[in-house]
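Sequence lines, in order, name chains A and B. With the numbering used here, you'll find the first sequence wraps up at 327, consecutive numbering, no jumps. With the numbering used here, you'll find the second sequence wraps up at 327, consecutive numbering, no jumps. Even glycine gets a Cβ: it sits at the ideal position worked out from N, Cα and C.
There are 2 protein chains.
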Amino acid sequence: MFAPRTHKPATSGDVARLAGVSRATVSFVLNDKQGARISEDTRRRVQLAAEELNYTPNNSARQLRRNGGVEGLLIPAPVLGFGGAMDAAFALIARHSADAGLPTIVHADHDIAGVEGARVWASYRPEAVLVETLRCDAPATEVLRRAGVRALLLMGSHPVPHAPCLVIDQRLYGQRAVESLAAKGHHRLAWLHPADSSIAEFALQRRAGAQEAAARLGLSLNLVSMDADPRSLKDWARGWRDANDRPTAAIAYDDRFAYTAIRALFDTGLSVPRDIAVLGADDYATSSVFLPSVTTIAFNAEDMADLILGTITRMIVGETPPLVSAPPLKVIQRESA
Amino acid sequence: MFAPRTHKPATSGDVARLAGVSRATVSFVLNDKQGARISEDTRRRVQLAAEELNYTPNNSARQLRRNGGVEGLLIPAPVLGFGGAMDAAFALIARHSADAGLPTIVHADHDIAGVEGARVWASYRPEAVLVETLRCDAPATEVLRRAGVRALLLMGSHPVPHAPCLVIDQRLYGQRAVESLAAKGHHRLAWLHPADSSIAEFALQRRAGAQEAAARLGLSLNLVSMDADPRSLKDWARGWRDANDRPTAAIAYDDRFAYTAIRALFDTGLSVPRDIAVLGADDYATSSVFLPSVTTIAFNAEDMADLILGTITRMIVGETPPLVSAPPLKVIQRESA
DNA sequence: ACGCGGTGATAACACGTGTAACCTAGGGCC
DNA sequence: GGCCCTAGGTTACACGTGTTATCACCGCGT
Chain A
-9 MFAPRTHKPA TSGDVARLAG VSRATVSFVL NDKQGARISE DTRRRVQLAA
41 EELNYTPNNS ARQLRRNGGV EGLLIPAPVL GFGGAMDAAF ALIARHSADA
91 GLPTIVHADH DIAGVEGARV WASYRPEAVL VETLRCDAPA TEVLRRAGVR
141 ALLLMGSHPV PHAPCLVIDQ RLYGQRAVES LAAKGHHRLA WLHPADSSIA
191 EFALQRRAGA QEAAARLGLS LNLVSMDADP RSLKDWARGW RDANDRPTAA
241 IAYDDRFAYT AIRALFDTGL SVPRDIAVLG ADDYATSSVF LPSVTTIAFN
291 AEDMADLILG TITRMIVGET PPLVSAPPLK VIQRESA
Chain B
-9 MFAPRTHKPA TSGDVARLAG VSRATVSFVL NDKQGARISE DTRRRVQLAA
41 EELNYTPNNS ARQLRRNGGV EGLLIPAPVL GFGGAMDAAF ALIARHSADA
91 GLPTIVHADH DIAGVEGARV WASYRPEAVL VETLRCDAPA TEVLRRAGVR
141 ALLLMGSHPV PHAPCLVIDQ RLYGQRAVES LAAKGHHRLA WLHPADSSIA
191 EFALQRRAGA QEAAARLGLS LNLVSMDADP RSLKDWARGW RDANDRPTAA
241 IAYDDRFAYT AIRALFDTGL SVPRDIAVLG ADDYATSSVF LPSVTTIAFN
291 AEDMADLILG TITRMIVGET PPLVSAPPLK VIQRESA
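Encoded structure:
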């Protein structure tokens, strides 16, 4: 299927031949091996030869010899699609992990999970793997562990027994949202539930948190369904004035749905936050310039990055950290609520 | 520095021992090698043993033997930060490339380029590399080529002689923007120039295209500087009414800057598009729900994905495609302009 | 008895690298 | 001279896999 490679890469043997030394010497020089005694003259000859041949060590061979694989952190791509503060945190992780000698590799195949996915990820023999709890059940964990992965960190909304877990309790979002709105004097709230199957699990938990807090504080919480199209909220927005217990604030699943909701309200002649407040979550980049700017609930991206990277590096050196909780959620006060 | 690996991964030798056969037999069975005569009985024994041990082939060793490296497409991470339609295109590429037996790996180290970067990327021995022209000069190209990379595609705003190039001519954005606004009857335009060094090159070219088209069509084009903070446009927005030749439309570098501009105009009491139209670019996800929704100029993400993937696969089988031009830009008509 | 074809499995090499163990020449010291 | 010591290398093995020869066995026909 493939055409033959046009160029065969130079090996350390080629460098050795050109420099007139042994292969071992080449390896010593290029890796700055301490304790190896190499004269300044041959050292220079080797470096020159390597430059001349554009020598690049073969990672596969190197990793094989080191009895390891990709020396770094493997992240399956879907993790990156979370958006908002999470994306920002991952960008920070990618930067800092490279500095810490643990370069990050993203495996961009979206559609694998479970044991099948674990087999693919494990074949790279990474030092560390960061993956969603949902995509990594107990058998998959076992596959990764037996493949020698030193640090396996699962990210999910609830703890699981089979591996160290970074718990990002989704109910806290809902609780915090309700509490924040209650503190501003709102008594009648609406929960805008997203009809998107890919986030169904998270959405249900955020909603549960909101319901729990509303019950505890004695507030009403209407349930409304929506999707990414503003028209899905048209009926609700139109009927809003006639509702006998019309809400004064609406909670969206995240900022993107908040945008959509604000749009839908605007299209029916309502103004945010004058007529109704809208609260988002996850602090998407656009929220600070949206009209109105969107008040949101999120963790601090830098704290999250530090937490994840710190946990992983501690696991790599042998510690077994207990359950880790996400950084505290904070309300980022803007105009919409 | 690292603790010893807790588990040594099972090798094909372990599987062979457990199944009571030779290592070669294991390899034949697990790779479904055609032409190898294996009885149904031993085949089953081998598969059972592999399952029992959670055997995962070592990618490094496999790639070393195959005289290749990462069998896939390597993308340095900064390419993914383009945003908008480009991000959408890359998501499509990641999906389709995996289906085509060319899984995509993203190398998430942002701060490398040139020969240094090329050395790192080349060490993975990928089949294909997709990288920005800016990050890959002639010497870097040579390093990659000599490392056996079969398909090297550079993405940039102008063609370069040293490697196949996907040209995304940034001037077309500016031209198209001006033409589109002219067709709607605008005579006095403003170019909102972003003061962000990371996109300086692109911004200058988009601006040049706009200036060229404005001159050709006999329109005026005011130059205004801005950054990500709406306050950077405060003075301009305030002075807008007093300008003797006040513009009726403003062109932003991309949708994100359009959001900021709309925000700044709103903050000084101006309304978009009633008082002034604002045109964006690159079709960011939020643009369709923004208030007002943002009219934008972008290529079609699916067309771009097909183009890139098609070019790369043709290069891999040996063809040398000529210069490739990006798909045509289209105006996505919304409310802001 | 002997070749012969076919079935089923194996021995052995190659891929490129890192490193522990070993070698050699020269010089100083008794 | 005999001995140790050191600088400056080299030899040889291991890592885990894919694949090409090669081998053992068995039934069959002559």
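- Between B/V314 and B/L209, the CB-CB gap reaches or exceeds 8 angstroms.
- Those residues of the segment 29 to 59 of chain B placed with their C-beta closer than 7 angstroms to a C-beta in chain A are N44, T46, P47, N48, N49, S50, A51, Q53, L54, G59, ordered along the chain.
- One thing to note: B/M216 has its Cβ no nearer than 8 angstroms to the Cβ of B/A193.
- Residue contact check for A/S113 against chain B: a CB pair falls below 8 angstroms.
- Proximity of chain B to A/Y243 at the Cβ level (cut-off 8 angstroms) is not reached, the minimal Cβ distance being about 14 angstroms.
- Of A/A39, A/T32, A/Q24, A/R35, the smallest CA-CA separation from A/D4 is found for A/A39.
- Not a single CB atom of chain A sits nearer than 8 angstroms to the CB of B/K320.
- With a threshold of 8 angstroms between beta carbons, B/L281 makes contact with chain A.
- Distances from the CA of B/E42 to each of B/R324, B/P263, B/A112, B/L8 were compared; the closest alpha carbon is that of B/L8.
- Taking C-beta separations shorter than 6 angstroms and ignoring five residues to either side along the sequence, the partners of B/S222 in its chain run M216, following chain order.
- Listed along chain B is no residue with a C-beta nearer than 8 angstroms to that of A/K224; the closest approach is about 14 angstroms.
- Per DSSP, A/H183 lies in no alpha helix (DSSP H); the unbroken beta strand (DSSP E) holding it starts and ends at 178 to 184.
- B/D272 and B/Y163 have their C-alpha atoms spaced approximately 9 angstroms apart.
- A/N49 carries a helical assignment under DSSP once its states are collapsed to helix, strand and coil.
- Taking all protein chains shown into account, A/N49 has 16 or more neighbouring C-beta atoms within 10 Å of its C-beta and is therefore buried.
- For B/R136, the closest C-alpha among the options B/G270, B/V105, B/R27 is that of B/V105.
- Along the length of the segment 256 to 323 of chain A, whole alpha helix (DSSP H) runs at least 4 residues long occupy 291 to 306, reported in chain order.
- Contact of A/Y249 with chain B is assigned, a C-beta pair being separated by under 8 angstroms.
- Considering only beta carbons, the part of the segment 93 to 107 of chain A lying closer than 7 angstroms to chain B consists of P93, T94, I95, V96, H97, A98, D99, H100, in chain order.
- Think of a sphere of 8 angstroms around the beta carbon of B/V133: the chain A residues whose beta carbon falls inside it are N44, T46, in chain order.
- With a cutoff of 8 angstroms on beta-carbon distance, A/T301 and A/P311 are scored as near each other.
- Contacts between A/I252 and chain B, judged by CB atoms closer than 9 angstroms, involve V279, L281 in chain order.
- Residue ranges of uninterrupted alpha helix (DSSP H) with 4 or more members, entirely inside the segment 51 to 124 of chain B and ordered along the chain, are 75 to 89, 104 to 113.
- The alpha-carbon of A/L297 is positioned some 12 angstroms away from that of A/F289.
- At the C-beta level, B/T94 and B/I102 stay beyond 8 angstroms of one another.
- Within 7 angstroms of the CB of B/K(-2), the CB atoms of chain A belong to G138, in sequence order along the chain.
- Comparing alpha-carbon positions, the option among B/F256, B/V268, B/A130 lying closest to B/A167 turns out to be B/V268.
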